[in-house]
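In my numbering, the protein residues as written are 19 to 269. Even glycine gets a Cβ: it sits at the ideal position worked out from N, Cα and C. These numbers were taken from a predicted model, which means no experiment stands behind them.
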């Protein structure tokens, strides 16, 4: 359990980094923020997410949600059953309508890696889901292939549903990236510019998945209904962590 003293110390660092002030934050700032951050950190540390030794990568600064391309690719893979043939067709015909061959190759690699991360059963289910749940499947595929997004969703997004606050504020984004090097030493080498770009990528994913909307200076988690078939498939695949992320359920 994280102590209140540690929470106050973290809030002080966030205040200074956001405002440039060297003095301590005012009492109102600490009182408003410390309760939420305290409970968020407590939830994160009391319930272990699935341990995954994959390295946290900053490569996502180049990526987008690519939902239309994802939909096209899943349909082609389900129809043909051969990922390599789908890759050849996309590259040969520029199906994604990329502006250059280099960009086409990059997009194709990322999108097909996401598609390939899904089980055949999940890919078969995809076409029977509504657009809301299809976007969530795309988000799941991103979590499958980008460890940074998985950790963010578990450590930041999930507690919003559990606590009922449903607002991801700037200080929470800052706190997440500040603590990353404690678990992932490679993150300690990232520059401030890289961190800003990664924050932009993370928020872009959330907006594109339509699980959040902008409200003032925060991202508000939206109400969405997971398709029962998607829930059942995640349960069958033993992805209780994803169900916890997307529903806030703790058991």
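Should residue i be counted as a contact of the ligand HEM given a C-beta to heavy atom distance under 8 Å?
i: residue 117; result: For the ligand HEM, the structure offers nothing, since it holds no ligand at all.
Could you tell me the distance, in whole angstroms, from the CA atom of residue i to the CA atom of residue j?
i: residue 65; j: residue 262; result: Bear in mind that a pLDDT of 46 at residue 65, under 50, signals an unreliable position, so the model cannot answer this.
i: residue 250; j: residue 164; result: 23 Å
i: residue 140; j: residue 219; result: 25 Å
i: residue 228; j: residue 84; result: 13 Å
i: residue 196; j: residue 160; result: 22 Å
i: residue 221; j: residue 131; result: 21 Å
i: residue 119; j: residue 183; result: 44 Å
i: residue 134; j: residue 73; result: 19 Å
Counting only the same chain and skipping the five closest in sequence on each side, list residues whose C-beta sits under 7 Å from that of residue i.
i: residue 87; result: 114, 125 and 129
i: residue 208; result: 76
i: residue 79; result: 212, 215, 216 and 219
According to DSSP, which residues form a beta bridge with residue i?
i: residue 237; result: 186 and 232
Quick one: what's got a C-beta closer than 8 Å to residue i's C-beta in the same chain, skipping five residues either side?
i: residue 256; result: none
i: residue 174; result: 58, 186, 190, 191 and 194
Nearest to residue i by alpha carbon, out of the options?
i: residue 266; options: 243, 133 and 215; result: 243
i: residue 181; options: 135, 239 and 137; result: 239
With DSSP collapsed to three states, give me the class of residue i.
i: residue 127; result: helix
i: residue 112; result: coil
i: residue 91; result: helix
i: residue 86; result: helix
i: residue 244; result: coil
i: residue 139; result: helix
i: residue 117; result: coil
Tell me which same chain residues have a C-beta within less than 6 Å of the C-beta of residue i, skipping the five on either side of it?
i: residue 108; result: 126
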